[in-house]
Structures are given as C-alpha cells and as structure tokens.
Amino acid sequence: MTTYRGAFHFSAPRGWLNDPNGLSWFNGRAHLFYQHNPHDSVWGSMHWGHAVTQDLLTWTHLPPALAPDQTYDADGCFSGGAADAGDGRHVLMYTGHLDPEPGNEARRFETQCLAFGDGRTYQKAAGNPVIDGRHLPPGASRGDFRDPKLWREGGVWYCLAANRAADGNGQLLLFASEDLTAWRYVGTPMASGGRLGGMWECPDLSRVGGQDLLIWSVMDEPAREGAYQNVASVVASAGRLERATGVFTAGPVHELDYGPDFYAPQTLTHPDGRVLLIAWMQMWKRSNPTHALGLGWSGQMTLPRELSVRGGRVLQTPVRELAGRRGAEVRARLNLGAETSVPGVEGQHLDLELAVTRLDRAAFTLRCFVGPQQETLLTYDPVSRWMTLDRRRSGLPLVSLAPSHPEAEVYRARVEAPGGRLHLRIVLDRSSLEVFAQGGSTVMTATVYPDDASRGVRFGSTAPGPRLQLSAWPL
Ligand code: FRU
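Read in our numbering, the sequence shown has 1499 at position 258, and its numbers run on one by one without any break.
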C-alpha cells in the first residue's frame, strides 16, 4: 500500500507532526524539533519530536526531546525556539500549555519554559516557567501567550512571543534577559488591532541582507481572491527592530506562500550565512488523508528554503543542496500549443525549471502527477496575471473544515510577467509540490495525494505563441 510519504521532505517516523520548533545550529548540525503526537496521527499530547541533519535533506531521527510531564506543561509542550547557549549546552525555549477544561479560556494558561541539553537529551529548567503572567504588559492574555523565538545578541537574550491583546487580536511581545532566567518585557513590535487577522502565532526574526526580517502566522484573516485563502496564513515584513524599545519599523507586509499548505515557519541562520526557512506543509481545519487511511503518520515539512529580500519582498528558493540529488538532466525547447509531454520527463520526484516566453494572450498550462483520472494543474494567464494551482483532480480529496475559509482546492496568486516572461521552479515529491515563480518572489505550496501510477507531466498553452525552455531532473 502506498504510504504517500515524500522521499526528501521531512516527516515523523510515526504519529502527528505540526510546526517546526527549535530550528537551530548546534555542534555542527542543524536541529529540527517539531510539534509531535507520538501516540496517534492526529493533534494531541504535544511533544517535541527531534531530528538532525548536516546536508539539510537527509535527517536522522532522535528520541522526542520534550514530553508534557510537568505541572506547568501538562497539556502540551507547545512551539518555541532554540539556540546554542554558548556554554556547551543547547537551550530550548517552549510554551508550557495548560488547558484543563478545553473551551474554558479562563482556565487556560501559557508560559515560556526552558530546557537544556547536549543535542540529544534535554532537562527542563528547575526555575520553569521563566516568563509568565507577571511579565506581561497590561491587557495581555495569559491564556494565549506562546511560541517564543529565542536568540542572543551582544550578550543579551531576546524572546519574541505571540500574545492576544485586550482587543482580542494578536500582538507580538519582546522580552530581554541577561541570563535566560530573569526576563523583562521590552515592548510590542507589532499588533493586529483587527487590521490583520485575529490571534497571531509563531513569530520569527532573522537578519537578511542587513534588515530584520519578521515572519509570523496570522489566524482568521478574511479570505479574498488570491490572498489569505486559508484559515491561517503566514506573513513577512523586512524592517528594523529597535532592540532597546521593541519598536519595529515595518516594511510592506506580504504573504509568504499562496498555496494551501504552509504554516508556522521558522528560520535558521546557517554557519555559512544563509538564512533558511522550514514550514509545516499542511493546514489546520482540513481533512487529513494519511490519518483517514490509517497510515500511522501525518504532516510534512516544506523543503528548507533560502531567503533573500528584494525591494521589501521576500524571495524563497529551494535549498541549494537539493541539486545534489538531481539525476540526469533532460532539456527541451518547445513551441507551446496543444498539450504535450516531453520524453524522459515524468515521475513523482522531479525538479523542473521552466522559462516560458512570449506570454502575450495565451495562458500557459502545466499538468503534473498526471494519470488516467488524475492531474494537478498549474496555469498562468498573462491577461489576468493569475497563477492558479488546481488540485481538484489531484487524487484523494482535500476539504476544508473551516466555514470561514471553505476553499481547499483552487488557489490563486498574482504574478507579474514583464516582457511576457515567466520563470518557474517546481519541486515534486510524491505527495507535494512547491512552486517558486519569478525567482521565488511568489510561492505556492500544496500537498496532493495521487495514485502511484499518476506520473505524467504535460505542457501546453491555450493558443499557439508561447515558448518553453525546460530543464528537468529526477530527484
Ligand atoms: C501553530 C500552533 C502554535 C502552538 C502549536 C500547538 O500551528 O497553534 O501556536 O504552539 O501549534 O501545537
């Protein structure tokens, strides 16, 4: 029976996976922790799963690093960050979640807690929690206060966490400490004020090209065509965070990914200077095929992506190590028109690079995971400037369980194609595709569940005119 697992996308050996946690470099390896239920392929009993890698593509699974076994985290070790403590230890900062009566928000408490370890086993700090209700500014919620990002700069530790403000909407709070133990509230770099969704989650801060890149997750922003199509979305803004006051001078805020399956990303600054991003490649409030089929696992991470910022906008490209997995290249040049395949270009694990030119009036179409009854369809219409990803015929059905955001199959993103040129990089890995358009300035990520036999790739345009230059590699 097919397992639908990706060959080079991270998934847990068994059980449920959601957010990446504690993405950090320690003792010569990248550490990825993740929200994990080891007991079942549904959310529950949040542990921190753990894996390490050197090449960013092949992972060694380690035992879970954290389990919910203390009075302050009994209902879950929620998301958070990690860093090299600088004294030989790896430090994790996570949210202790207490929710004894789900639904009764008055009894929910979230606090920030520490654990120290050697890269394999971790001990929770005796002084936990280190940040709790007493550290919060007036009006801040004690029940929605989670997902600390931890980093150190100039001898000072910083923690950036998500919180619910008195108006019921999300805000990000900055705390500082000299010793990881005694923390003080510094300021509120960003607040929704009802202008961008409700509660916020999973903030991340990195330095990219001399700017502070703030990335965070936004719940319940109303859907509109080509934007915020999921019940929860991810946005980014390159700007400047004033460390002393917590004031963030924001650049344009934009969505990071326009597809159905992308949430709660974290960044990692690689020792070679690259800033890499990994997100949970799934979405809340969705049907869950691998669980429904009893396959024993649920949830994957995106490929690690390299980030840069141009003109205030984040660019994402697959981590360059992926090129090391490529098999023999197939190249082709086509005058597009009627649908066609290219000999040697097929399969469920592919790296495709496409340069489409002369996009004037006719729309470009790419079908992948094509089988007798199945296809995943990507189109670009130069007149409307919509790139559309359509998984209505991709395989196992995916439905939204969120009435406010009913779409789960057809996704759009606005893409400019100046001079009639469109560049696409597309990575297929059995049950996912990641589409990077125009150098990664617009990205769409989707999971799909085609049959094993759905291996075809077809190229076309709605009328003659466009040309395609293609490079394809099996992965
Ligand atoms: C985001 C999130 C976090 C929380 C975690 C719980 O997907 O809701 O805010 O810490 O998942 O698993």
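Even for Gly, the Cβ is constructed at its ideal location relative to N, Cα and C.
_Tell me the rounded alpha-carbon separation between S1607 and R1246._
By one-based count along the sequence shown, residue 1607 stands at place 366. By one-based count along the sequence shown, residue 1246 stands at place 5. It should be noted that the sequence gives Leu, not Ser, for residue 1607. If you take the alpha carbons of L1607 and R1246, they lie about 23 angstroms apart.
In chain order, what residues of the same chain lie with their CB nearer than 6 angstroms to the CB of T1508, ignoring the 5 residues before and after it? Position 267 of the sequence shown, counting from 1, holds the residue named residue 1508. Same-chain partners within the cutoff: D1445, S1447, V1516 and L1518.
Check G1395 in the structure and name its three-state DSSP category.
-> Taking the first residue of the sequence shown as position 1, residue 1395 is located at position 154. G1395 falls in the coil class under three-state DSSP.
Would you kindly work out how many angstroms separate the C-alpha atoms of D1467 and S1682, rounded to a whole number?
Along the sequence shown, read from residue 1 onward, the residue named residue 1467 stands at position 226. Along the sequence shown, read from residue 1 onward, the residue named residue 1682 stands at position 441. Residue identity check: residue 1467 is Gly in the sequence provided, not Asp. Rounded to the nearest angstrom, the two C-alpha atoms are 15 angstroms apart.
- Task: When you get a sec, list the residues whose CB is within less than 6 angstroms of any heavy atom of the ligand FRU, chain order please.
- Result: Residues with a Cβ closer than 6 angstroms to any heavy atom of the ligand FRU, in chain order: N1259, D1260, Q1276, M1287, F1319, S1320, T1336, R1387, D1388, E1442, C1443, Y1504 and A1505.
Exercise. Would you kindly work out how many angstroms separate the C-alpha atoms of L1421 and L1639, rounded to a whole number?
Key: In the sequence shown, residue 1421 corresponds to position 180, counting from 1. In the sequence shown, residue 1639 corresponds to position 398, counting from 1. For L1421 and L1639, the distance between alpha carbons rounds to 43 angstroms.
*asked:* What would DSSP say about Q1452, mapped onto helix, strand or coil?
replied: Numbered from 1 along the sequence shown, position 211 holds the residue referred to as residue 1452. Of the three classes helix, strand and coil, the one that applies to Q1452 here is strand, per DSSP.
Practice task
Since I believe Q1541 is in contact with S1673 (beta carbons under 8 angstroms), could you give me their beta-carbon distance rounded to a whole number of angstroms?
Solution key: One-based indexing of the sequence shown puts residue 1673 at position 432. One-based indexing of the sequence shown puts residue 1541 at position 300. Rounded, the Cβ-Cβ distance is 7 angstroms, consistent with contact.
Cα-Cα separation, L1303 to P1545:
The residue you call residue 1303 lines up with position 62 of the sequence shown. The residue you call residue 1545 lines up with position 304 of the sequence shown. Whole-angstrom Cα-Cα distance: 19 angstroms.
* Asked: Are the Cβ atoms of R1567 and L1716 separated by less than 8 angstroms?
  -> For the purposes of this step, residue 1567 is taken as residue 326 along the sequence shown, with counting starting at 1. For the purposes of this step, residue 1716 is taken as residue 475 along the sequence shown, with counting starting at 1. Cβ distance < 8 angstroms, so R1567 and L1716 count as in contact.
| task | Jot down the residue ranges of each uninterrupted beta strand (DSSP E) in the region 1256 to 1293, minimum 3 residues, whole runs only, in chain order. | result | 1256 to 1267 and 1270 to 1278
- Given a threshold of 16 other Cβ atoms within 10 Å of its Cβ, counted over all protein chains shown, does M1242 qualify as buried or as exposed? Along the sequence shown, one-based indexing puts residue 1242 at 1. M1242 is exposed by the Cβ-count criterion.
Practice prompt. With DSSP as the reference, please indicate the residues paired to G1701 in a beta bridge.
Written response: Mapped onto the sequence shown, residue 1701 falls at position 460. Bridge partners of G1701: T1606.
Item to complete: Provide the residue span of the beta strand (DSSP E) that contains A1473, from first to last.
Response: Start at 1 with the first residue of the sequence shown, and residue 1473 comes out as number 232. Start and end: A1473 to L1482.
Would A1604 and T1617 qualify as a contact pair, given that the criterion is a beta-carbon distance under 8 angstroms? In the sequence shown, counting from the first residue as 1, residue 1604 sits at position 363. In the sequence shown, counting from the first residue as 1, residue 1617 sits at position 376. No, Cβ-Cβ distance for A1604 and T1617 is not below 8 angstroms.
Note to self: By alpha-carbon positions, which one of A1464, G1329 and T1312 ends up nearest to P1501?
What the structure shows: Counting from 1 along the sequence shown, the entry for residue 1501 is found at position 260. It is A1464 whose Cα lies nearest to the Cα of P1501.
How big is the Cα-Cα spacing for W1257 and M1334? Reading the sequence shown from its first residue, position 16 is the one you call residue 1257. Reading the sequence shown from its first residue, position 93 is the one you call residue 1334. Answer to the nearest angstrom: the Cα atoms are 21 angstroms apart.
Short Cβ contact (8 angstroms threshold) for A1479 with G1553
On the sequence shown, position 238 is the one that residue 1479 refers to. On the sequence shown, position 312 is the one that residue 1553 refers to. Yes. Within cutoff.
### Message
Quick check on the DSSP output: what are the complete beta strand (DSSP E) runs of length 3 or more inside the region 1558 to 1602, in order along the chain?
### Response
1571 to 1576 and 1590 to 1598
Got a sec: does the ligand FAD put a non-hydrogen atom nearer than 7 angstroms to the Cβ of A1381? Only the ligand FRU can be found as ligands here, which leaves the ligand FAD out of the picture.
| With respect to the alpha helix (DSSP H) encompassing A1533, which residues constitute its N-terminal and C-terminal limits? | In the sequence shown, counting from the first residue as 1, residue 1533 sits at position 292. Note, A1533: alpha helix (DSSP H), P1530 to A1533.
- Message: Using a 10 Å radius around the Cβ and a threshold of 16 neighbouring Cβ atoms, would you call H1280 buried or exposed?
- Response: In the sequence shown, the residue the question calls residue 1280 occupies position 39. Taking a 10 Å sphere around the C-beta of H1280, we find fewer than 16 other C-beta atoms and assign the residue as exposed.
- Reduced DSSP secondary structure (H/G/I, E/B, other) of R1708: Counting from one through the sequence shown, the residue named residue 1708 turns up at place 467. In the structure shown, R1708 adopts extended strand secondary structure according to DSSP, grouped into three states.
What are the boundary residues of the beta strand (DSSP E) that includes H1338? Numbered from 1 along the sequence shown, position 97 holds the residue referred to as residue 1338. Counted as a single uninterrupted DSSP element, the beta strand (DSSP E) harbouring H1338 occupies residues H1331 to L1339.
Buried or exposed: where does A1403 fall if 16 or more other Cβ atoms within 10 Å of its Cβ makes it buried?
-> Position 162 of the sequence shown, counted from the first residue, corresponds to residue 1403. Buried, by the Cβ-count rule.
ask   = Do you know offhand how far H1376's Cα is from A1432's?
value = Residue numbering aside, residue 1376 sits at position 135 when the sequence shown is read from its first letter. Residue numbering aside, residue 1432 sits at position 191 when the sequence shown is read from its first letter. Cα to Cα, the separation comes out at about 18 angstroms.
Report the option in G1380, G1395, Q1311 and E1394 whose CA atom is closest to the CA atom of A1356. Working through the sequence shown from its first residue, we reach residue 1356 at position 115. If we check each option's Cα against that of A1356, Q1311 comes out closest.
Margin query: Tell me the rounded alpha-carbon separation between Y1652 and L1577.
Written below: Here residue 1652 refers to the residue found at position 411 of the sequence shown. Here residue 1577 refers to the residue found at position 336 of the sequence shown. Cα to Cα, Y1652 sits roughly 24 angstroms from L1577.
Checklist entry - From what residue to what residue does the beta strand (DSSP E) around V1656 run? => result Along the sequence shown, one-based indexing puts residue 1656 at 415. Here V1656 belongs to no beta strand (DSSP E), and DSSP marks it neither H nor E.
Query raised in the report: Is L1563 closer than 8 angstroms to L1663 when the C-beta atoms are compared?
Result: Position 422 of the sequence shown, counted from the start, is the residue given in the question as residue 1663. Position 322 of the sequence shown, counted from the start, is the residue given in the question as residue 1563. Contact flag unset, no.
Next on the checklist: With H, G and I counted as helix, E and B as strand and the rest as coil, what does DSSP make of G1327?
Outcome noted: The residue labelled residue 1327 in the question sits at position 86 within the sequence shown. Coil at G1327, not helix or strand.
task = Spatial neighbours of R1671 within its chain, please: CB distance less than 7 angstroms, with the 5 preceding and 5 following residues excluded, ordered by chain position.
result = Translated into the one-based positions of the sequence shown, residue 1671 becomes position 430. Result list for R1671: Y1245, R1246, G1247, A1248, Q1589 and H1590, in chain order.
Report task. Look at S1458 and A1406 and say whether their C-beta atoms are less than 8 angstroms apart. Result -> Here residue 1458 is taken as the residue at index 217 of the sequence shown, counted from 1. Here residue 1406 is taken as the residue at index 165 of the sequence shown, counted from 1. No, Cβ-Cβ distance for S1458 and A1406 is not below 8 angstroms.
Based on Cα-Cα distance, which residue from L1669, H1288 and A1366 lies nearest to Q1276? Counting from one through the sequence shown, the residue named residue 1276 turns up at place 35. Checking every option, the nearest Cα to that of Q1276 belongs to H1288.
Give the DSSP bridge partners of L1618, in chain order. In the sequence shown, residue 1618 corresponds to position 377, counting from 1. DSSP lists R1608 and D1631 as partners of L1618.
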